[in-house]
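Peer 1: Provided herewith is a single structure, encoded as structure tokens, for subsequent inquiry.
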Amino acid sequence: MSEERIQKVLAKAGLGSRREMEKVIEDKRVSVNGEVAKLGDKVQRTDELKVDGKTVKIDTKAVRRVLIYNKPEGEICTRKDPEGRQTVFDRLPKLTGERWVAVGRLDINTSGLLLFTNDGELANRLMHPSRQIEREYAVRILGEVKQENIDAMCAGVQLDDGMAKFSDVQYFDGKGSNQWYHVVIVEGRNREVRRLWESQGFQVSRLKRVRYGSVFMDSSMRAGTWNELAKKDIDQLAAIVELPSMPWKSVVRDKTDPNRRKLENQRTRRSVGNERK
């Protein structure tokens with residue numbers, strides 16, 4: 001029977017990165033078969049693994065799943081909201097013995113692409129600033145944008161929490177004081193896109209994320225729905241952050257499930273240029 005190190009099993013279960021799980025083990029918050037675990041310990045499927053007294057499913061033959069979710073404006077990115085507002089987790093398919101981990105977040109007034117995975121290590125690597133993963137947004141601007149504004153935002157602007165810049169800004173559509181642009185950043189700081197435009201005196205009236213790393217969201221995807229990524233697309237995403245390929249299995253078991261998506265018909269936008277044609 002195969003065994004795996006505890007921190008790897010916990011990361012796969014979506015509890016955090018391997019490094020974070022090592023700290024949890026060092027803090028003596030993990031037990032195996034009633035005994036406090038230590039770094040280097042391994043577990044197999046027949047063991048009883050707990051974190052803070054709560055049982056964690058051990059799956060040494062784990063599969064990696066990734067969802068694209070089209071977040072509507074007005075939804076929040078927490079698991080539960082004390083005010084009873086809709087969260088991005090409410091519409092996701094249920095998992096048994098594991099949980100969905102959001103790859104980053106979007107503020108309540110921002111819509112568009114959110115990635116979810118059951119692989120905590122993949123999620124943490126995709127979010128880590130050192131990886132410089134590109135995020136692309138469609139932005140509607142109130143005001144007439146000049147080239148000097150674009151040059152300034154690409155060169156770098158001093159914000160309250162440090163320097164920030166776009167790695168690319170491209171005009172997309174619209175005229176006069178109502179124009180759409182596509183912008184690319186490689187960080188995920190709070191309201192970074194909005195604050196960069198505000199630094200030039202512009203107001204962002206609409207903001208929608210359309211790409212995260214190698215994953216594009218099809219323009220025909222309805223708000224509040226999700227699609228599964230095919231294995232080849234998941235492997236491509238994992239390769240960006242230097243993770244090996246893993247087995248894949250559809251999250252939808254029942255063909256009558258209304259959320260089912262036929263992967264062979266999934267349309268993934270490969271480049272901004274193709275969408276503009």
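FYI, the numbering for the sequence shown is 1 to 277, going by UniProt numbering. From the three backbone atoms N, C-alpha and C, an ideal C-beta is built for every residue, glycine too. Just so we're clear, the structure is a prediction, and the values are computed from it rather than from any experiment.
Could you tell me whether the Cβ of G40 comes closer than 8 Å to any Cβ of chain D?
Peer 2: You won't find chain D in this structure, because it holds only one protein chain.
Peer 1: Going by beta-carbon coordinates alone, are A164 and R135 separated by less than 8 Å?
Peer 2: Taking the first residue of the sequence shown as 1, we reach residue 164 at position 164. Taking the first residue of the sequence shown as 1, we reach residue 135 at position 135. No, the pair does not count as a contact, with Cβ atoms beyond the cut-off.
Peer 1: Tell me I76's beta-bridge partners as DSSP assigns them.
Peer 2: Translated into the one-based positions of the sequence shown, residue 76 becomes position 76. Within the DSSP bridge table, the entry for I76 names T87 as partners.
Peer 1: Taking M163 as part of the beta strand (DSSP E), name the residues at either end of that continuous run.
Peer 2: Numbered from 1 along the sequence shown, position 163 holds the residue referred to as residue 163. 162–164 is the span of the beta strand (DSSP E), which, as asked, contains M163.
Peer 1: Taking the alpha-carbon positions, what's the Q44 to I6 distance?
Peer 2: Position 44 of the sequence shown, counted from the first residue, corresponds to residue 44. Position 6 of the sequence shown, counted from the first residue, corresponds to residue 6. Spanning the two alpha carbons is a distance of roughly 9 Å.
Peer 1: Would you be able to state if there are at least three C-beta pairs under 8 Å between the segment 30–43 and the segment 127–144?
Peer 2: no
Peer 1: Which of the three DSSP states, helix, strand or coil, is assigned to W100?
Peer 2: The residue labelled residue 100 in the question sits at position 100 within the sequence shown. Looking at W100 - three-state DSSP - the assignment turns out to be coil, as it is neither helix nor strand.
Peer 1: State whether the segment 192–209 contacts the segment 97–112, with contact taken as three or more CB pairs (one from each stretch) at a distance under 8 Å.
Peer 2: yes
Peer 1: Compute the Euclidean distance between the alpha carbons of T256 and K94, then round it to the nearest angstrom.
Peer 2: Numbered from 1 along the sequence shown, position 256 holds the residue referred to as residue 256. Numbered from 1 along the sequence shown, position 94 holds the residue referred to as residue 94. Because the pLDDT at T256 is just 37, under 50, the model does not fix this residue reliably, and the value given afterwards should be weighed accordingly. C-alpha separation (whole angstroms): 15 Å.
Peer 1: By DSSP, does N227 sit in helix, in strand, or in coil?
Peer 2: Locating residue 227 in the sequence shown gives position 227, where the first residue counts as 1. Taken through DSSP and simplified to helix, strand or coil, N227 comes out as strand.
Peer 1: Among the residues of its own chain, which have a CB less than 8 Å from the CB of G104, if the five just before and after it don't count?
Peer 2: Within the sequence shown, residue 104 is the residue found at index 104, counting from 1. Contacts found: L114, L115, L126, M127, R135, G188, Y212.
Peer 1: Is it the case that the Cβ atoms of I150 and S167 are separated by a distance below 8 Å?
Peer 2: Mapped onto the sequence shown, residue 150 falls at position 150. Mapped onto the sequence shown, residue 167 falls at position 167. Against a cut-off of 8 Å, the Cβ pair of S167 and I150 comes out as no contact.
Peer 1: So, is K71 buried or exposed, given that buried needs 16 or more other C-beta atoms within 10 angstroms?
Peer 2: Numbered from its first residue, the sequence shown carries residue 71 at position 71. Per the 10 Å Cβ criterion, buried.
Peer 1: Flag this pair as yes or no: are the beta carbons of residue 283 and Y181 separated by less than 8 Å?
Peer 2: Residue numbering for the chain in the displayed model covers 1 to 277; residue 283 lies beyond these limits and cannot be assessed.
Peer 1: Quick one: what's got a C-beta closer than 6 Å to K175's C-beta in the same chain, skipping five residues either side?
Peer 2: Stepping through the sequence shown from its first residue, residue 175 is reached at position 175. Around K175: no qualifying Cβ.
Peer 1: Answer with buried or exposed for A239, where buried requires no fewer than 16 other C-beta atoms within 10 angstroms of its C-beta.
Peer 2: Taking the first residue of the sequence shown as position 1, residue 239 is located at position 239. It counts as exposed.
Peer 1: Of the residues Q179, D119, F172, which one's Cα is nearest the Cα of P244?
Peer 2: Here residue 244 corresponds to residue number 244 of the sequence shown, with the count starting at 1. The option with the nearest alpha carbon to P244 is D119.
Peer 1: Do you know whose CA, among D235, V56, A37, lies nearest A11's CA?
Peer 2: Taking the first residue of the sequence shown as 1, we reach residue 11 at position 11. When only C-alpha atoms are compared, the closest one is V56.
Peer 1: Between the alpha carbons of E144 and G201, how many angstroms are there, rounded?
Peer 2: By 1-based counting over the sequence shown, the position of residue 144 is 144. By 1-based counting over the sequence shown, the position of residue 201 is 201. Between E144 and G201, the C-alpha separation is close to 10 Å.
Peer 1: Can you give the Cα-Cα distance for K231 and R99, rounded to whole angstroms?
Peer 2: Your numbering for residue 231 matches position 231 in the sequence shown. Your numbering for residue 99 matches position 99 in the sequence shown. Cα-Cα distance, rounded: 19 Å.
Peer 1: Identify, in the order they occur along the chain, each residue of the same chain with its Cβ nearer than 6 Å to the Cβ of Q236, setting aside the five sequence neighbours on each side.
Peer 2: Against the sequence shown, residue 236 aligns to sequence position 236. Once the five neighbours on either side are set aside, the close Cβ partners of Q236 are S214.
Peer 1: Could you give the first and the last residue of the continuous alpha helix (DSSP H) run that contains A138?
Peer 2: As a working note, residue 138 is residue 138 in the sequence shown. Not the alpha helix (DSSP H): A138 falls in the beta strand (DSSP E), residues 135–142.
Peer 1: Buried or exposed: which applies to V36, given that a residue is buried once 16 or more other Cβ atoms fall within 10 Å of its Cβ?
Peer 2: In the sequence shown, counting from the first residue as 1, residue 36 sits at position 36. Classification of V36: exposed, given that the 10 Å Cβ count is below 16.
Peer 1: Grouping DSSP H, G and I as helix and E and B as strand, with all else coil, what is G156?
Peer 2: Along the sequence shown, one-based indexing puts residue 156 at 156. Three-state result, G156: coil.
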